[in-house]
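Worksheet for the structure shown next.
In the numbering used here, the protein residues as written are 597 to 740.
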């Protein structure tokens with residue numbers, strides 16, 4: 597879900613104010629990228645809407661903000677101060693038992709990427725990030 601993302605109105609070098617808007621096009625692109633990442637991560641599993649043992653996973657991007665660089669975004673050397681050259685993306689995943697609706701787990705995480713990724717509607721940065729999160733969910737759910 598990317599319908600209610602908290603995005604501060606802070607301008608970041610190399611981007612424009614319009615780059616930070618959650619437009620319908622950006623929402624669709626992010627939803628498409630997330631669906632593709634989950635399809636790839638869980639390709640070997642059957643899909644079911646109902647029944648015993650069915651797990652429902654929801655995902656929500658909760659915040660996108662200027663962030664703190666990490667080793668992946670600055671080439672290995674960490675800095676102690678924040679930077680406007682990177683964007684931090686926060687997500688929340690919820691795992692439910694489908695038949696009872698019981699909440700089994702809530703997983704929150706954040707990752708950083710370069711801020712220029714915000715200047716593109718369909719960013720390779722989001723594709724990579726979503727692929728990483730989907731693979732992590734697969735590992736946690738499947739145990740492999």
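Every residue, glycine too, gets a C-beta built ideally from N, C-alpha and C.
Using a Cβ-Cβ cutoff of less than 7 Å, which residues in the same chain neighbour residue i once the five nearest sequence positions on both sides are dropped?
{"i": "residue 737", "result": "651"}
Residues in the same chain with beta-carbon distance under 6 Å from residue i, minus the five sequence neighbours each way, listed in chain order, please.
{"i": "residue 637", "result": "730, 731 and 734"}
{"i": "residue 681", "result": "711"}
{"i": "residue 707", "result": "685 and 725"}
{"i": "residue 723", "result": "629"}
Can the beta-carbon of residue i be found less than 7 Å from the beta-carbon of residue j?
{"i": "residue 697", "j": "residue 684", "result": "no"}
{"i": "residue 621", "j": "residue 658", "result": "no"}
{"i": "residue 709", "j": "residue 727", "result": "no"}
{"i": "residue 693", "j": "residue 700", "result": "yes"}
Looking at the strands, I want to know which residues DSSP matches up with residue i.
{"i": "residue 693", "result": "651"}
{"i": "residue 742", "result": "With the chain covering only 597 through 740, there is no way to say anything about residue 742."}
{"i": "residue 701", "result": "691"}
Please classify residue i as buried or exposed, where buried requires at least 16 other C-beta atoms within 10 Å of its C-beta.
{"i": "residue 629", "result": "buried"}
{"i": "residue 655", "result": "buried"}
{"i": "residue 648", "result": "exposed"}
{"i": "residue 633", "result": "buried"}
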